[in-house]
Amino acid sequence: MSEDPTTGRWAPSPTGDLHLGNLRTALLAWLFARSDGGRLLWRFEDLDGAVRPQFYDSQLRDVAALGLDWDGEPVRQSDRLELYRDAIAELRDRGLIYECFCTRREIAEATAAPHGPSPEGAYPGTCRQLTRGEREQRRSDGRPPALRLRIVAGGAGPHDGGASDRDHVELTVTDRQLGPYCGVVDDFVIQRGDGTPAYNLAVVVDDDAQGVTEIVRGDDLLPSTPRQVYLARLLGIAPPSYAHVPLVLGPQGHRLAKRDGAVTLTDRLALGETPLDVVNLLLHSVGLEPVGSAADLPAVAKRFDPAALPTEPWIHAPQAPVTSGGTTD
Ligand code: GLU
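End of the sequence shown sits at 329 in my numbering; the numbers just go up one at a time, nothing left out.
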């Protein structure tokens, strides 16, 4: 009666050095996966124009330096474009896609209109009903269209929570850490105007193709989850389980950033800390006891209890380095 082991993944974007918040999420993804003998895959989300090649290797190095490991070779989304194109083609063949010519500014203006029909931040459906002639006109104006998914009530099965308007639905997902979360699924972008598959499309396709059963990631992505679950169901994919974990914030409550001092592994080492000190700092931030060496991490994973994790962000204030005098692994 053995169930398939959990398959988790860690999916950073190689756009910069990983900071303590990213490293903490990597540690948690590792703990969740290893706690029940599961696998952890590494996927680079590198469809973004902000990718800088030196960070593929430096991110792998930093995570490995902490004593965390992963299974198989890391994959890159930029090598998997065919998969995304196939999914987009399927949705197009099913009549579920339309071209959108709106600029960010036009969307912001349309959604700022008082008493508009769409909830805040949701695409107001401007291009949904364009005629063929109107689309041709816009194309000849030189506007490259993005592709949006046409959301329909019941489109993802009976669970999509009843239509509240014609251009969006509300869907409740259950997060392992945070419980039920009800969010809007609007006509979201699945391919950007420059032809790049959008994050929400790529992530759903990849998690399915890689056999991912458990997603552990920062809770800033919780609002995107109903969209991803909707799309997964539309594509006949059983959604994985989700565990959204709190972010690390800077002293003023903003997302951790370079200006918050020694926030990357390289910065911490320059202060005289060891990778073990950094691991222990991260373990402490999630309420776990320090380890004497990275070789003890598998034992920490065995005892790991997700229910005991904090649900509030960890505020990282610049401070003196924490050196434990432990061994460097
Ligand atoms: N690439 C995203 C990040 O670096 C993670 C996306 C995901 O885990 O779904 O924050």
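Note that beta-carbon positions come from the ideal geometry of N, C-alpha and C, so glycine has one too.
{"Asked": "Start-to-end residues for the alpha helix (DSSP H) that takes in Asp330", "Found": "Residue numbering for the chain in the displayed model covers 1 to 329; residue 330 lies beyond these limits and cannot be assessed."}
{"Asked": "The alpha helix (DSSP H) enclosing Arg268, as first and last residue numbers", "Found": "265-270"}
{"Asked": "Distance between Val185 and Asp165 (C-alpha atoms, nearest Å)", "Found": "Bear in mind that a pLDDT of 46 at Asp165, under 50, signals an unreliable position, so the model cannot answer this."}
{"Asked": "Beta-carbon proximity check, Ala262 vs Arg255, cutoff 7 Å", "Found": "no"}
{"Asked": "Distance, Gln210 Cα to Gln77 Cα", "Found": "12 Å"}
{"Asked": "Secondary structure of His346, DSSP reduced to three states", "Found": "An answer regarding residue 346 cannot be provided, because it is not within the stretch 1 to 329 covered by the chain."}
{"Asked": "Same chain, Cβ closer than 7 Å to Thr103, neighbours up to 5 away in sequence not counted", "Found": "none"}
{"Asked": "Span of the beta strand (DSSP E), counted from its first residue to its last, around Glu214", "Found": "214-218"}
{"Asked": "Arg138, DSSP secondary structure in three states", "Found": "helix"}
{"Asked": "beta-carbon Pro12 near the ligand GLU non-hydrogen atom, thresh 6 Å", "Found": "yes"}
{"Asked": "Per-residue burial, Arg39 [other beta carbons within 10 Å of its own, 16 or more giving buried]", "Found": "buried"}
{"Asked": "Extent of the continuous beta strand (DSSP E) run through Ala146", "Found": "146-149"}
{"Asked": "C-alpha gap between Asp219 and Gly133, whole angstroms", "Found": "42 Å"}
{"Asked": "Cβ shell of Pro344 (< 6 Å), same chain only, five flanking positions each side left out", "Found": "With the chain covering 1 to 329 only, the question about residue 344 has no answer from this structure."}
{"Asked": "Inter-residue CB distance, Leu297 and Gly67 (contact presumed, cutoff 8 Å)", "Found": "5 Å"}
{"Asked": "Arg217 Cβ short of 6 Å to the ligand GLU heavy atom set", "Found": "yes"}
{"Asked": "Check: Glu170 C-beta below 6 Å from any heavy atom of the ligand MN", "Found": "Because the ligand MN does not appear in the structure shown, any question about it cannot be addressed here, the ligands present being the ligand GLU."}
{"Asked": "Own chain residues within Cβ distance below 6 Å of Leu123, not counting five before or after", "Found": "It should be pointed out that residue 123 corresponds to Tyr in this sequence rather than to Leu. Answer for Tyr123: Asp186, Asp187, listed in chain order."}
{"Asked": "Pick from Ala11, Thr15, Pro12, His19 that is closest to Ala257, judged by C-alpha positions", "Found": "His19"}
{"Asked": "Beta-carbon gap between Pro318 and Leu249 smaller than 7 Å", "Found": "no"}
{"Asked": "Contact under 7 Å by Cβ, Ile190 with Leu247", "Found": "no"}
{"Asked": "Beta-carbon proximity of Val205 to Ala29, cut-off 7 Å", "Found": "no"}
{"Asked": "Closest residue to Pro180 among Asp62, Tyr242, Ala153 (Cα-Cα distance)", "Found": "Tyr242"}
{"Asked": "Cut-off 8 Å between Cβ atoms - residues of its own chain near Thr311, not counting five sequence neighbours on either side", "Found": "Gln177, Leu178, Pro246"}
{"Asked": "Proximal residues to Val63 (C-beta, below 6 Å), its chain only, five neighbours per side dropped", "Found": "Ala26"}
{"Asked": "Coarse secondary structure for Arg94, derived from DSSP in three states", "Found": "coil"}
{"Asked": "Residue from Pro239, Val203, Ile107, Gly121 with nearest C-alpha to Asp46", "Found": "Val203"}
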